[in-house]
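For reference, the structure discussed in these notes is given below.
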Amino acid sequence: MTDNAPKGEARPVISATASKGRTGAYRRLPMPARYAINAILVLVFLVVGELMIDGGAISRYQSTVLEQVGIYIILAVSLNIATGYLGQLPLGHAGFMSVGGYGCAIFIVRMMETLGVTARDFVTGSPVCGLLFVGGLLVGGLCAAVCGLIIGIPALRLKGDYLAIITLAFSEIIRVVMLNIDSVLGFKLTGGAAGLTGIPGYTSFLNVFVVVAVVCFLIHTMMKSRHGRAILAIRDNEIAAEATGVNTTYYKTLAFVVSAFFAGVAGGLYAGCIGVLQPAVFGFMKSIEILVMVVLGGMGSMLGSVISATFLTILPEALRAFSEYRMIVYAVVLILVMIFRPQGLLGSYDFSLSRVIERVLNHDFPWGKGGTGKGSAPDAADHEPSETTDAEEVSADAGR
Amino acid sequence: MPADKKRRPVLVQVETPNLIPERDLGKMPVLQAEHLGIDFGGLTAVDDFNIAMGRTEISGLIGPNGAGKTTIFNLLTNVYRPTRGTVLLDGYDTAGKSVAEVNHMGIARTFQNIRLFSKMTVEENVLVGFGSQMKTHLFADMLRLPSHWRQEAEFREKARELLDIFDMRRFAETEAGNLPYGAQRRLEILRALATSPKVLLLDEPAAGMNPAETEELMENIQRIRDEFQIAILLIEHDMSLVMGVCEVVGVLDYGRIIAKGTPEEIQNDPKVIEAYLGKQGVK
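From first to last, the protein sequence lines are chains A and B. By our numbering, the letter at position 132 of the first sequence is numbered 132, and the numbering carries on one by one without gaps. By our numbering, the letter at position 152 of the second sequence is numbered 1152, and the numbering carries on one by one without gaps.
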């Protein structure tokens, strides 16, 4: 500890490239290390989860709930692009989810027939099934993205309530189309009100959370690039963004389409998790449910979306024993949060594990700096954040 | 200020009502507006506005409140579509272009009421300005390909160099909304400069600044012109700034240019005094 402080001070003299932060000599983690740390956390989470399922510590029912947690995390994080980052209020996320779900399920079921793969192969696992799974999710995502493009171009000329209404109407149109398209086409495609059955159970804890990690990574990297900055600029001040050369129409549509794409991916996972797709599931309430997750977690905060999606998926399940009261509790939680923290649980704060580690390295703590000072204070402080890091591990790796 | 006066160029009449500094003569004017006008319903907000700006000219637009100064900025940047007239930037017509496209063509502006991306950091604000020069594909950014890193590093360095102009590097990681007022105004100018404009439009850059800050701003405006070799058109109510820094001044009243000339000419023009002080002001 005492060795560290002088070294930290000497650093800027040695390397001229050391970036000048507020404190002058702020030690930073190199980029590869940041990615490695997050990758390791994801791996640890997956391995521990998988071992617990195999070992029977998590029951079949609980692992299904975990899969749904993952699916809702993707939905909330993807809706967060349109609400939190872009600052619009679309209410048709369930529509994109349903398009993705049907797209993915129909693709996989049809391809199974042509490739001669059976539902059992998905349980035992084979390379073809892996390809089918990835292909199915991509097809589902692309179907949803195309819908997002079609609806986004006209809808994004509107703002606020009007955009909400047009997207709401759109998701209702999707629902009605899914319900009736069979009789229009004259052959079986979506199965109508009875639903699309015979979807193999291709969704598992492992692949849901791999997809969650990939989706969170892709959204994070998009937002930390020129595209993401343009989207955030539109949220902060559309007029200024346009005057600064941001093509607002393009970036609004981009955010909307990416949001729809990942909702479609989540829909594909959902189809494999539940095994049956019914249009009635993807009603207005589903969109609201996802929106509530985003608002509760804090618009513009990825970790917030992850935490609230986890919480709001597990809460109704945990309260299943008091099924008469669970919706009341659910509602009360929402009312309390909106009264006491209207900006959402985390506001627009985003958690970065690397930042925490950097702070520890620099002895830069919220309760005061121990940077150059030596003695017991930094020592004692050093252990505390590492505990919180452990506690936040699960959400952190999902968030990166 | 004596140094400025020495530098003040001889003005030449190019094409009647327009004036440009002699040093810019022979080069195509960077910004030209001809007979520009806009009506809002029955109200003519701006009428018959003409300007030809030399490539390195600093000119000012003054006028009483409601004269239509900001409207002219909005017309030049296509925020409003003109009812009449044309705007040529470097010889290219801006008609039918979107606001962002006009910016790409080379007009950047700041706003009277500060419009920063207040939740983003100072550096990110400038990087948004660089956005149209960054070329990585969405997938390259999402997958963090080497091209992404190369470009990010290059433009972050550029952004910090730009921040150095106003000595704002130390604020690079501060949220723009938390900056002090004067720094927010400066950041707006830097963000506009990041789009590598040919013409910079400043809408009341000295609003809310104290005399010392205004003095500093004057130096900075000239420095920006010299360093970037761009034309600057500014709207300002602070006469010390206009008279100190502008080479050509146009006076706007009720949407029409009523006088044009060097600051000295303008100060003594009876029509200008009348517009500001009413008929009795003219003796």
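For every residue, glycine included, the Cβ atom is placed at its ideal position computed from N, Cα and C.
Under 9 Å between C-beta atoms of residue i and residue j
i, j, result
"Tyr102/A", "Gly140/A", "yes"
"Val1122/B", "Met1168/B", "yes"
"Asp1093/B", "Ser225/A", "no"
"Leu179/A", "Gly192/A", "yes"
"Ala164/A", "Phe96/A", "no"
"Val265/A", "Ser78/A", "yes"
"Met131/A", "Arg235/A", "Residue 131/A is actually Leu in this sequence, not Met. Cβ distance not < 9 Å, so Leu131/A and Arg235/A don't count as in contact."
"Phe256/A", "Ala82/A", "yes"
"Ile73/A", "Cys216/A", "yes"
"Gly272/A", "Ala76/A", "no"
"Gly195/A", "Ala119/A", "no"
"His93/A", "Ala263/A", "yes"
Cα-Cα separation between residue i and residue j, rounded to whole angstroms
i, j, result
"Val276/A", "Gly268/A", "11 Å"
"Gly1026/B", "Gly1261/B", "20 Å"
"Ala280/A", "Phe107/A", "21 Å"
"Val1079/B", "Ala243/A", "9 Å"
"Phe45/A", "Pro90/A", "32 Å"
"Leu1217/B", "Ala1206/B", "7 Å"
"Asp1203/B", "Gln1112/B", "5 Å"
"Ile1224/B", "Leu345/A", "44 Å"
"Val1126/B", "Tyr270/A", "41 Å"
"Asp1039/B", "Thr1083/B", "6 Å"
"Leu1031/B", "Gln1267/B", "25 Å"
"Glu1215/B", "Thr1044/B", "36 Å"
"Asp1253/B", "Leu1234/B", "16 Å"
"Gly1085/B", "Thr1110/B", "23 Å"
"Val69/A", "Ser301/A", "17 Å"
"Leu1162/B", "Ala1176/B", "15 Å"
"Ser376/A", "Gly84/A", "In this prediction, Ser376/A has a pLDDT of 36, which is less than 50 and means its spatial position is unreliable; what the coordinates show is noted afterwards. Straight-line Cα distance between these residues: approximately 42 Å."
"Met996/B", "Leu232/A", "For residue 996/B there is no data in the structure shown, the boundaries of chain B being 1001 and 1283."
"Tyr1286/B", "Glu1219/B", "Summary: the structure shown does not reach residue 1286/B, with chain B confined to residues 1001 through 1283, and so no result is reported for it."
"Met1028/B", "Asp1164/B", "31 Å"
"Leu185/A", "Leu142/A", "22 Å"
"Val329/A", "Leu312/A", "11 Å"
"Asp1226/B", "Arg1055/B", "11 Å"
"Phe122/A", "Glu1188/B", "56 Å"
"Tyr1181/B", "Glu324/A", "55 Å"
"Leu1143/B", "Leu218/A", "7 Å"
"Pro342/A", "Leu336/A", "9 Å"
Backbone secondary structure at residue i - three-state DSSP
i, result
"Arg27/A", "coil"
"Leu189/A", "coil"
"Asn1078/B", "coil"
"Tyr162/A", "helix"
"Met1142/B", "helix"
"Glu1175/B", "strand"
"Ser348/A", "coil"
"Ala1108/B", "strand"
"Leu1019/B", "strand"
"Gly1037/B", "strand"
"Met1239/B", "helix"
"Tyr1276/B", "helix"
"Gly1250/B", "strand"
"Ile1258/B", "strand"
"Gln1229/B", "coil"
"Gln1032/B", "strand"
Closer than 9 Å at the beta carbon, the chain B residues around residue i
i, result
"Asn38/A", "Correct list: empty, because the minimum Cβ distance to chain B is about 12 Å."
Contact set between residue i and chain B, taken where Cβ atoms lie within less than 8 Å
i, result
"Arg157/A", "Going along chain B, no residue has its Cβ under 8 Å from Arg157/A, so there is no contact; the nearest lies around 13 Å."
"Glu172/A", "Near Glu172/A there are no residues of chain B at all, since even the closest Cβ is about 31 Å away, more than 8 Å."
"Arg341/A", "Those within 8 Å of Arg341/A in chain B number zero; the least Cβ separation is about 18 Å."
"Asn404/A", "Residue coverage of chain A in this structure runs from 1 to 400, which leaves residue 404/A outside it and unanswerable."
"Ser348/A", "Lys1119"
Closer than 9 Å at the beta carbon, the chain A residues around residue i
i, result
"Arg1150/B", "Per Cβ cutoff of 9 Å: no residues; Arg1150/B is ~13 Å from chain A at best."
"Asp1141/B", "Thr221, Met222, Lys224, Ser225, Arg226, His227 and Gly228"
"Met1134/B", "Ser225 and Arg226"
"Arg1191/B", "Ala240 and Thr244"
8 Å Cβ cut-off: residues of chain A touching residue i
i, result
"Glu1124/B", "Arg229 and Leu232"
Cross-chain neighbours of residue i in chain A, by beta carbon under 7 Å
i, result
"Leu1202/B", "Neighbours of Leu1202/B on chain A: none; closest Cβ ~12 Å, over 7 Å."
"Asp1077/B", "As written in the sequence, residue 1077/B is Thr, which differs from the Asp given in the question. Per Cβ cutoff of 7 Å: Ala243."
Neighbour list for residue i in chain B, Cβ cutoff strictly below 7 Å
i, result
"Val246/A", "Ala1100, Val1128 and Gly1131"
"Leu218/A", "Met1142"
Whole runs of the alpha helix (DSSP H) within the stretch 271-316 of chain A, excluding any shorter than 4 residues | 284-297
Hey, which unbroken runs of the beta strand (DSSP E) at 3 residues or more fall wholly within the stretch 1167-1227 of chain B?
-> 1199-1203
Residue ranges of each alpha helix (DSSP H) within the stretch 46-80 of chain A, 4 or longer | 60-80
Return the chain-ordered ranges of every beta strand (DSSP E) run that is complete within the stretch 103-153 of chain A and spans a minimum of 3 residues.
-> none
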